[in-house]
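Trainee:
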Amino acid sequence: MRASTRLWKSSSGSSNRWLARQQQDPYVRLRTSPSSSSSSSPAESYRSRSAFKLVSLAAKYPALLSRGKAVVDLGAAPGGWSQVAINRSGSSGPGSDGEGGARSRGKVIAVDISPMEPIPGVSILKGDFLTLGVQRRVREMVGGRGGERGVDTVLSDMMAPMSGVRGRDVQASLDLCGAAAEFGREVLVVGGQEGEDHGHGDGGPAEAHGEEVKKTEGKIAKGRKVYPGGNMVLKFFAHPDLEAFRKEELEPWFAKVSVEKPKESRSESSEAYFICQGFKGPPTGQKT
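Quick note: the UniProt record's numbering has the sequence shown finishing at residue 288, numbered continuously throughout.
#1: With distances taken Cα to Cα, identify the nearest neighbour of V190 among G75, P240, C276, Y46.
#2: Could you give the residue range of the alpha helix (DSSP H) that holds I86?
#3: For a test of the three-state rule: what should DSSP assign to E251, helix, strand or coil?
#4: My assumption, with CB atoms under 8 Å, is that I109 sits in contact with D128. Please give the rounded CB distance.
#5: Please go through the same chain and pick out, in chain order, the residues whose beta-carbon is closer than 8 Å to the beta-carbon of S123, but skip the five residues on each side of it.
#6: Using a threshold of 8 Å, state whether the C-beta atoms of K263 and A272 are closer than that.
#7: Where does D175 land, buried or exposed, given buried means 16+ other C-beta within 10 angstroms?
#8: Whose C-beta lies closer than 6 Å to the C-beta of P78 among residues of the same chain, with five residues either side of it excluded?
#9: Apply the 10 Å Cβ neighbour rule to K69 and answer buried if 16 or more other Cβ atoms are within range, or exposed otherwise.
#10: Name, in chain order, the residues that DSSP records as bridge partners for L130.
#11: Leaving out the 5 sequence neighbours to the left and right, which residues in its chain are closer than 7 Å to F183 when beta-carbon positions are compared?
#12: Enumerate in chain order the residues of its own chain whose CB-to-CB distance from G98 is below 7 Å, with the five nearest sequence positions on each side excluded.
#13: So G150 and Y227 are supposed to be a Cβ contact under 8 Å. How far apart are they, rounded?
#14: Work out the CA separation of F237 and S270 for me, nearest whole Å.
#15: Under 8 Å, do A181 and L125 count as touching if we go by C-beta distance?
Here it is, written out as C-alpha coordinates:
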(Lines of atoms letter the chains of each structure in order from A and count residues from 1; the text may use other names and numbers.)
(Lines give C-alpha, C1' and ligand atoms only; values in the text may rest on other atoms or scores of the structure.)
Protein backbone atom coordinates (compact mmCIF):
# COMPACT_ATOMS: atom_id res chain seq x y z
CA MET A 1 0.00 0.00 0.00
CA ARG A 2 2.82 2.38 0.84
CA ALA A 3 4.54 1.62 -2.47
CA SER A 4 1.33 2.46 -4.33
CA THR A 5 1.05 5.71 -2.39
CA ARG A 6 4.63 6.67 -3.26
CA LEU A 7 4.00 5.86 -6.94
CA TRP A 8 0.82 7.96 -6.94
CA LYS A 9 2.64 10.88 -5.35
CA SER A 10 5.44 10.61 -7.90
CA SER A 11 2.98 10.55 -10.79
CA SER A 12 1.05 13.43 -9.27
CA GLY A 13 4.22 15.50 -8.98
CA SER A 14 5.12 14.82 -12.60
CA SER A 15 1.61 15.78 -13.70
CA ASN A 16 1.78 19.00 -11.71
CA ARG A 17 5.08 19.93 -13.33
CA TRP A 18 3.60 19.24 -16.78
CA LEU A 19 0.54 21.38 -16.01
CA ALA A 20 2.73 24.21 -14.71
CA ARG A 21 4.84 24.11 -17.87
CA GLN A 22 1.73 24.19 -20.05
CA GLN A 23 0.29 27.14 -18.14
CA GLN A 24 3.52 29.11 -18.53
CA ASP A 25 4.03 28.29 -22.22
CA PRO A 26 3.12 31.41 -24.28
CA TYR A 27 2.33 29.35 -27.40
CA VAL A 28 0.00 27.03 -25.51
CA ARG A 29 -1.74 30.06 -23.99
CA LEU A 30 -2.13 31.70 -27.39
CA ARG A 31 -3.53 28.56 -28.99
CA THR A 32 -5.97 27.83 -26.15
CA SER A 33 -7.05 31.39 -25.40
CA PRO A 34 -10.79 31.82 -24.69
CA SER A 35 -11.20 33.86 -27.87
CA SER A 36 -9.75 31.13 -30.08
CA SER A 37 -13.12 29.60 -30.89
CA SER A 38 -14.49 32.85 -32.29
CA SER A 39 -11.36 34.68 -33.41
CA SER A 40 -10.45 34.91 -37.07
CA SER A 41 -6.74 35.04 -36.21
CA PRO A 42 -5.00 31.90 -37.54
CA ALA A 43 -2.64 31.87 -34.55
CA GLU A 44 -5.58 31.44 -32.19
CA SER A 45 -7.10 28.54 -34.11
CA TYR A 46 -4.09 26.29 -34.71
CA ARG A 47 -4.70 22.71 -33.66
CA SER A 48 -1.24 22.16 -32.23
CA ARG A 49 1.53 24.09 -30.56
CA SER A 50 3.95 22.85 -33.21
CA ALA A 51 2.20 25.04 -35.80
CA PHE A 52 4.13 28.01 -34.42
CA LYS A 53 7.40 26.25 -35.28
CA LEU A 54 6.42 26.08 -38.94
CA VAL A 55 5.28 29.71 -38.87
CA SER A 56 8.75 30.65 -37.65
CA LEU A 57 10.53 28.49 -40.24
CA ALA A 58 8.35 29.81 -43.08
CA ALA A 59 9.06 33.39 -42.01
CA LYS A 60 12.80 32.77 -42.23
CA TYR A 61 12.52 30.69 -45.43
CA PRO A 62 9.45 32.11 -47.24
CA ALA A 63 9.97 30.05 -50.40
CA LEU A 64 8.89 26.98 -48.42
CA LEU A 65 5.22 27.95 -48.42
CA SER A 66 4.70 30.84 -50.82
CA ARG A 67 1.46 31.33 -52.73
CA GLY A 68 0.50 28.53 -55.13
CA LYS A 69 2.75 25.85 -53.64
CA ALA A 70 1.90 22.15 -53.83
CA VAL A 71 2.75 20.80 -50.36
CA VAL A 72 2.76 17.32 -48.81
CA ASP A 73 2.60 17.26 -45.00
CA LEU A 74 3.80 13.94 -43.56
CA GLY A 75 2.84 12.99 -40.01
CA ALA A 76 0.24 15.73 -40.19
CA ALA A 77 -2.18 14.94 -37.32
CA PRO A 78 -3.74 16.81 -35.62
CA GLY A 79 -3.27 19.27 -38.48
CA GLY A 80 -1.45 22.35 -37.21
CA TRP A 81 1.23 22.27 -39.91
CA SER A 82 -1.37 21.66 -42.62
CA GLN A 83 -3.28 24.72 -41.41
CA VAL A 84 -0.16 26.87 -41.72
CA ALA A 85 0.62 25.39 -45.13
CA ILE A 86 -2.81 26.03 -46.65
CA ASN A 87 -2.99 29.53 -45.13
CA ARG A 88 0.28 30.47 -46.82
CA SER A 89 0.14 28.51 -50.06
CA GLY A 90 -3.42 29.52 -50.93
CA SER A 91 -6.92 28.12 -50.93
CA SER A 92 -8.21 25.24 -53.03
CA GLY A 93 -10.47 27.55 -55.02
CA PRO A 94 -9.78 29.25 -58.38
CA GLY A 95 -6.72 31.45 -58.53
CA SER A 96 -6.55 35.17 -59.15
CA ASP A 97 -6.15 34.57 -62.85
CA GLY A 98 -9.80 33.52 -62.93
CA GLU A 99 -8.99 30.29 -64.74
CA GLY A 100 -8.28 28.08 -61.76
CA GLY A 101 -4.90 26.98 -63.12
CA ALA A 102 -2.92 24.40 -61.17
CA ARG A 103 -0.24 26.91 -60.23
CA SER A 104 -2.68 29.70 -59.30
CA ARG A 105 -3.87 27.89 -56.18
CA GLY A 106 -2.15 26.00 -53.44
CA LYS A 107 -2.59 22.30 -52.77
CA VAL A 108 -1.87 20.63 -49.45
CA ILE A 109 -2.03 16.87 -48.85
CA ALA A 110 -1.92 15.78 -45.21
CA VAL A 111 -0.78 12.22 -44.46
CA ASP A 112 -0.96 10.48 -41.08
CA ILE A 113 -1.71 7.08 -39.62
CA SER A 114 -3.99 8.80 -37.09
CA PRO A 115 -7.38 10.26 -38.06
CA MET A 116 -7.68 14.00 -38.70
CA GLU A 117 -10.63 16.35 -38.67
CA PRO A 118 -11.19 18.07 -42.05
CA ILE A 119 -9.34 21.29 -42.87
CA PRO A 120 -10.76 23.50 -45.66
CA GLY A 121 -8.60 23.20 -48.77
CA VAL A 122 -6.54 20.26 -47.43
CA SER A 123 -6.74 16.72 -48.83
CA ILE A 124 -6.34 14.18 -46.00
CA LEU A 125 -4.94 10.70 -46.52
CA LYS A 126 -5.11 8.32 -43.54
CA GLY A 127 -2.48 5.61 -43.59
CA ASP A 128 1.05 4.57 -42.70
CA PHE A 129 3.41 6.62 -44.84
CA LEU A 130 6.05 3.91 -44.64
CA THR A 131 3.89 1.53 -46.69
CA LEU A 132 4.29 1.48 -50.46
CA GLY A 133 0.53 1.66 -50.98
CA VAL A 134 0.20 4.98 -49.16
CA GLN A 135 3.27 6.41 -50.89
CA ARG A 136 1.80 5.40 -54.25
CA ARG A 137 -1.51 7.07 -53.37
CA VAL A 138 0.25 10.32 -52.44
CA ARG A 139 2.06 10.33 -55.77
CA GLU A 140 -1.25 9.85 -57.56
CA MET A 141 -2.82 12.76 -55.67
CA VAL A 142 -0.03 15.20 -56.54
CA GLY A 143 0.54 13.98 -60.09
CA GLY A 144 4.16 12.95 -59.61
CA ARG A 145 7.33 14.96 -60.06
CA GLY A 146 7.06 15.07 -63.84
CA GLY A 147 3.36 15.94 -63.87
CA GLU A 148 1.59 19.24 -63.87
CA ARG A 149 1.37 19.24 -60.08
CA GLY A 150 4.81 18.16 -58.96
CA VAL A 151 5.48 18.74 -55.26
CA ASP A 152 7.09 22.05 -54.30
CA THR A 153 7.58 21.30 -50.60
CA VAL A 154 7.62 18.17 -48.45
CA LEU A 155 7.07 18.75 -44.73
CA SER A 156 7.84 16.10 -42.14
CA ASP A 157 7.10 16.71 -38.49
CA MET A 158 6.83 12.96 -37.97
CA MET A 159 7.79 11.40 -34.67
CA ALA A 160 7.78 7.68 -33.93
CA PRO A 161 5.90 6.45 -30.84
CA MET A 162 8.19 6.67 -27.82
CA SER A 163 9.29 3.29 -26.44
CA GLY A 164 11.21 4.72 -23.50
CA VAL A 165 14.46 3.23 -24.81
CA ARG A 166 16.46 6.23 -26.00
CA GLY A 167 18.63 4.38 -28.52
CA ARG A 168 15.59 2.78 -30.13
CA ASP A 169 13.65 6.05 -30.20
CA VAL A 170 16.36 8.15 -31.86
CA GLN A 171 16.94 5.41 -34.44
CA ALA A 172 13.21 5.37 -35.23
CA SER A 173 13.39 9.15 -35.72
CA LEU A 174 16.27 8.79 -38.16
CA ASP A 175 14.41 6.04 -40.03
CA LEU A 176 11.46 8.41 -40.51
CA CYS A 177 13.83 11.10 -41.79
CA GLY A 178 15.21 8.63 -44.30
CA ALA A 179 11.74 7.59 -45.49
CA ALA A 180 10.64 11.21 -45.91
CA ALA A 181 13.86 12.10 -47.75
CA GLU A 182 13.42 9.16 -50.11
CA PHE A 183 9.85 10.22 -50.86
CA GLY A 184 10.94 13.82 -51.43
CA ARG A 185 13.54 12.73 -53.95
CA GLU A 186 10.78 10.99 -55.91
CA VAL A 187 8.26 13.83 -56.10
CA LEU A 188 9.96 17.24 -55.68
CA VAL A 189 10.23 19.55 -58.67
CA VAL A 190 13.78 19.84 -60.01
CA GLY A 191 15.51 23.22 -60.18
CA GLY A 192 19.02 24.56 -60.61
CA GLN A 193 21.97 24.81 -58.29
CA GLU A 194 22.56 28.55 -58.02
CA GLY A 195 20.70 30.66 -55.50
CA GLU A 196 18.99 33.86 -56.56
CA ASP A 197 19.01 37.08 -54.53
CA HIS A 198 15.66 37.44 -52.82
CA GLY A 199 13.87 40.59 -51.78
CA HIS A 200 16.08 43.35 -53.21
CA GLY A 201 14.57 46.31 -55.01
CA ASP A 202 11.60 48.47 -54.14
CA GLY A 203 10.43 46.42 -51.17
CA GLY A 204 7.42 44.96 -52.97
CA PRO A 205 6.62 41.25 -53.21
CA ALA A 206 9.67 39.16 -54.06
CA GLU A 207 9.76 36.43 -56.66
CA ALA A 208 10.70 32.82 -55.83
CA HIS A 209 11.33 30.94 -59.13
CA GLY A 210 8.40 32.70 -60.76
CA GLU A 211 5.94 32.51 -57.87
CA GLU A 212 4.86 35.42 -55.71
CA VAL A 213 5.91 35.59 -52.09
CA LYS A 214 3.72 37.65 -49.79
CA LYS A 215 4.99 41.13 -48.91
CA THR A 216 5.47 40.37 -45.25
CA GLU A 217 7.54 37.32 -46.07
CA GLY A 218 9.56 39.20 -48.67
CA LYS A 219 10.58 41.81 -46.10
CA ILE A 220 11.77 39.18 -43.67
CA ALA A 221 13.70 37.42 -46.41
CA LYS A 222 15.32 40.54 -47.84
CA GLY A 223 18.84 39.72 -48.96
CA ARG A 224 18.33 35.96 -48.54
CA LYS A 225 18.85 33.59 -51.46
CA VAL A 226 16.07 31.49 -52.96
CA TYR A 227 17.08 28.26 -54.67
CA PRO A 228 15.04 27.05 -57.67
CA GLY A 229 13.55 23.60 -57.19
CA GLY A 230 11.61 21.80 -54.49
CA ASN A 231 12.18 22.14 -50.75
CA MET A 232 11.95 19.83 -47.77
CA VAL A 233 11.65 20.24 -43.99
CA LEU A 234 12.58 17.24 -41.84
CA LYS A 235 12.31 16.98 -38.07
CA PHE A 236 15.04 15.01 -36.34
CA PHE A 237 16.34 14.25 -32.87
CA ALA A 238 19.98 14.14 -31.86
CA HIS A 239 21.63 11.00 -33.26
CA PRO A 240 25.29 9.99 -33.77
CA ASP A 241 24.67 9.24 -37.46
CA LEU A 242 22.97 12.55 -38.32
CA GLU A 243 26.03 14.16 -39.89
CA ALA A 244 26.56 11.17 -42.17
CA PHE A 245 22.85 11.20 -43.06
CA ARG A 246 23.06 14.87 -43.97
CA LYS A 247 26.15 14.44 -46.15
CA GLU A 248 24.99 11.27 -47.90
CA GLU A 249 21.20 11.59 -48.14
CA LEU A 250 20.56 15.34 -48.33
CA GLU A 251 23.47 17.51 -49.47
CA PRO A 252 24.10 15.72 -52.80
CA TRP A 253 20.47 16.30 -53.79
CA PHE A 254 19.86 19.89 -52.63
CA ALA A 255 21.57 23.20 -53.33
CA LYS A 256 21.47 24.18 -49.65
CA VAL A 257 20.89 22.21 -46.43
CA SER A 258 20.60 24.07 -43.13
CA VAL A 259 19.73 23.10 -39.56
CA GLU A 260 17.25 25.15 -37.57
CA LYS A 261 15.85 24.90 -34.07
CA PRO A 262 12.93 27.35 -33.93
CA LYS A 263 12.60 29.43 -30.80
CA GLU A 264 9.19 27.79 -30.37
CA SER A 265 10.86 24.41 -29.69
CA ARG A 266 11.19 23.65 -26.02
CA SER A 267 14.70 24.31 -24.77
CA GLU A 268 15.01 20.86 -23.21
CA SER A 269 14.09 19.08 -26.45
CA SER A 270 16.81 17.70 -28.74
CA GLU A 271 14.59 18.19 -31.80
CA ALA A 272 15.64 20.35 -34.73
CA TYR A 273 14.86 20.56 -38.45
CA PHE A 274 16.77 20.07 -41.67
CA ILE A 275 15.81 22.83 -44.15
CA CYS A 276 16.61 21.49 -47.62
CA GLN A 277 16.35 24.03 -50.44
CA GLY A 278 16.66 23.78 -54.20
CA PHE A 279 16.19 20.14 -55.18
CA LYS A 280 18.72 19.43 -57.93
CA GLY A 281 17.69 15.92 -58.88
CA PRO A 282 19.95 12.86 -58.72
CA PRO A 283 23.69 13.44 -58.28
CA THR A 284 25.76 12.52 -61.31
CA GLY A 285 25.67 8.78 -61.87
CA GLN A 286 22.82 8.14 -59.43
CA LYS A 287 19.12 7.46 -59.85
CA THR A 288 16.24 8.38 -57.55
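For glycine and all other residues, C-beta sits at the position ideal for the given N, C-alpha and C.
Mentor: Answer, in terms of the structure:
#1: Distances from the CA of V190 to each of G75, P240, C276, Y46 were compared; the closest alpha carbon is that of C276.
#2: Counting along the chain, the alpha helix (DSSP H) containing I86 begins and ends at 80 to 89.
#3: Looking at E251 - three-state DSSP - the assignment turns out to be coil, as it is neither helix nor strand.
#4: I109 to D128, Cβ: 15 Å. No contact.
#5: If we look at S123 and ignore the five residues flanking it on each side, its Cβ neighbours are K107, V108, I109, A110, M141.
#6: Taking 8 Å as the Cβ cut-off, K263 and A272 do not qualify as a contacting pair.
#7: Label assigned to D175: exposed.
#8: R47, S48.
#9: It counts as buried.
#10: DSSP links L130 through a beta bridge to no other residue.
#11: Residues of the same chain with a CB within less than 7 Å of the CB of F183, apart from the 5 flanking positions on each side, are Q135, V154 in chain order.
#12: Per-residue confidence for G98 stands at a pLDDT of 36, beneath the threshold of 50, marking its modelled position as unreliable; no derived number is given.
#13: Not confirmed; about 16 Å, so no contact.
#14: Using only the alpha carbons, I get a separation of about 5 Å.
#15: No, the Cβ-Cβ distance between A181 and L125 is not below 8 Å.
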